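What follows is a short report on a single structure.
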Amino acid sequence: MDRRAATRALAGIVTGAPLLDTLDGWRAPAAADNRPRRPGRLGTREVDELETTARAFRQRGRAGGSGLYRKAVVGQLAEVAAALDEHQAPAIERRLYTVMAELSGTAASMSWDIGQQRRAQDYYRLALRAAHAGGDTLFGANVLAGIARQMLYQDRPHDALELVRLAQDGVRRTAGSRLRAMLHTREAWALASMDRPSGFRRATAQAADALSSIDRNESEPYWIGYFNDAELAGVTGGRLLEMARSQPRAYADQAADHIRAALEQRGPEAGRSYALDWIGLAECAFLLGDTQSAADYSRRAVDAASSLRSGRVRVQLAQLYPYTVGDSAPRAVADVRGSIRSLLTA
């Protein structure tokens, strides 16, 4: 069993046909819920409060608050599930399913961030079922994109591409500019992982075109509001960096340019994304042989990461660490090596 196969086995997540076949029918109408249930009494005000809570948890998760908030998200999810065990008014029930989908998606992302891949996948699948039951195809497409990203981290780009295209098919006539752009970047990521640089460039250009076509009066769900020019630059830089690891002369400079563009547009308030940008920029500098800049960027990365409880950031720092190892490393690199080691072992 090679390293990648071992990683997938340890993660314990479902891949390939067993996963794809179960998700293929997500656009079919949801079956009617005819099970006997006692009457529920939730009203608009209570659901408004639940929606506000789900939104706040999602924002905290994106900023890197997974370790502190995950149990609270799961607890709130249990409350929503209990409310759905009762027979609510149809409009209330649809909104409850949407809240369940959003909370499940947040729980999935937070579980992933602390390394619980199988649990993350279970929450993603629950999120997709809830979005389906609530008729929220836009969020359903977003969930499929999340599962696709998980497949990419498990070295399953073909699975990821199938999931992204399944999502695109479901919202082709209804997705707004930001959602279309995000889905194109996931498509680009899969194509880059399949060593198809021309396809990567095409899908990335489509993402940029979608963002540039945003109408000021266009209304999109709050959960896709994060996807802007800075996010596109950061995601594109990350994919170019992946390609630069095997072909640094071809891609490292391009990766650094995109990551710098992301950093110019977002600051520490971006939380996890901000830290990951600095880590990526440091790796680009190491690949280009610019050790002084690499040490400076690594120091910035450690500073940004020190205030976060993000497993994903720690994993990326651990991947940066080997660049700092070696008896011939300059003093600045040796110093930052100690800082990274101290953070990872804290």
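Using our numbering, read the sequence shown as starting at 765 and increasing by one per residue.
Even glycine gets a Cβ: it sits at the ideal position worked out from N, Cα and C.
All of these numbers come straight from a predicted model, not from anything done at the bench.
Own chain, CB closer than 6 Å to residue i, minus 5 neighbours either side, in chain order
i: Thr771; result: Only weak support exists for where Thr771 lies, its pLDDT of 44 falling under 50; the coordinates are left without a value.
i: Arg809; result: none
i: Arg920; result: Thr779
i: Ile988; result: Arg942, Leu943
Cut-off 8 Å between Cβ atoms - residues of its own chain near residue i, not counting five sequence neighbours on either side
i: Val1066; result: Leu1081, Val1100, Ser1103, Ile1104, Leu1107
i: Thr901; result: Arg791, Ala895, Gly934, Val935, Thr938
i: Gln1029; result: Asn992, Asp993, Ala994, Ala997
i: Ala1093; result: Thr1055, Arg1101
i: Ala769; result: Confidence at Ala769 is low in this model, with a pLDDT of 41, below 50, so its placement is unreliable and no value can be given for it.
i: Val811; result: Ile856, Arg859, Leu860, Val863
i: Asp959; result: none
Same chain only: Cβ atoms within 7 Å of residue i, ignoring 5 sequence neighbours per side
i: Ala847; result: Gly804, Leu806, Leu860
i: Val999; result: Thr949
i: Trp876; result: Ala884, Gln914
i: Val837; result: Phe821, Leu867, Thr870, Ala871, Met874
i: Arg767; result: Annotation note: pLDDT 39 at Arg767 (below 50); position unreliable, coordinate value reported separately. If we look at Arg767 and ignore the five residues flanking it on each side, it has no Cβ neighbours.
i: Gln1046; result: A small fix is needed here, since residue 1046 is Ala in this sequence, not Gln. For Ala1046, where only same-chain residues beyond five positions count, the Cβ hits under 7 Å are Ala1058, Tyr1061, Ser1062, Ala1065, Leu1084.
i: Phe1050; result: Ala1058, Tyr1087
i: Ala931; result: Ala905, Leu908, Ala909, Leu947
Start-to-end residues for the alpha helix (DSSP H) that takes in residue i
i: Asp923; result: 921-934
i: Arg913; result: 901-917
i: Leu1072; result: Run containing Leu1072: none; DSSP gives neither H nor E here.
i: Tyr1085; result: First-last for Tyr1085: undefined, no H or E at that position.
i: Arg965; result: 961-976
i: Ala891; result: 881-897
i: Thr817; result: 808-827
i: Ser1103; result: 1095-1109
i: Trp790; result: Per DSSP, Trp790 belongs to no alpha helix (DSSP H) and is neither H nor E.
i: Ala1049; result: 1036-1051
i: Gly1123; result: With the chain running from 765 to 1110 in the structure shown, residue 1123 is simply not present.
i: Ala939; result: It is not in any alpha helix (DSSP H) - Ala939 carries neither H nor E in the DSSP assignment.
Candidates the options, of which the one nearest residue i by Cα
i: Asp1041; options: Pro1012, Asp1017, Val1077; result: Val1077
i: Ala954; options: Ile978, Arg944, Ala924; result: Ala924
i: Thr968; options: Arg1003, Arg834, Glu982, Arg1036; result: Arg1003
i: Gly1035; options: Thr786, Arg819, Leu783, Arg824; result: Arg824
i: Glu1006; options: Tyr1038, Ala952, Ile856; result: Ala952
i: Glu813; options: Ser962, Ser1062, Ile856; result: Ile856
i: Ala1014; options: Cys1048, Gln1083, Tyr917, Val844; result: Cys1048
i: Arg889; options: Gly898, Leu908, Gly879, Gln880; result: Leu908
i: Tyr986; options: Arg966, Thr816, Arg802, Ala974; result: Thr816
i: Arg801; options: Ala845, Gln840, Arg980, Asp785; result: Ala845
i: Ile978; options: Ala945, Ser957, Tyr887; result: Ala945
Residue i - partner residues in DSSP beta bridges
i: Pro803; result: His851
Buried/exposed call for residue i, threshold 16 Cβ in 10 Å
i: Thr862; result: buried
i: Gly910; result: buried
i: Ser1071; result: exposed
i: Ser1037; result: buried
i: Ser962; result: exposed
i: Arg1095; result: exposed
i: Asn906; result: buried
i: Arg882; result: exposed
i: Val1097; result: buried
i: Ala1019; result: buried
i: Glu1033; result: exposed
i: Gly898; result: buried
i: Arg980; result: exposed
i: Val1089; result: exposed
i: Arg834; result: buried
Near the ligand GDP: residue i beta-carbon under 7 Å from a heavy atom
i: Val837; result: The ligand GDP is not part of the structure shown, which contains no ligands of any sort.
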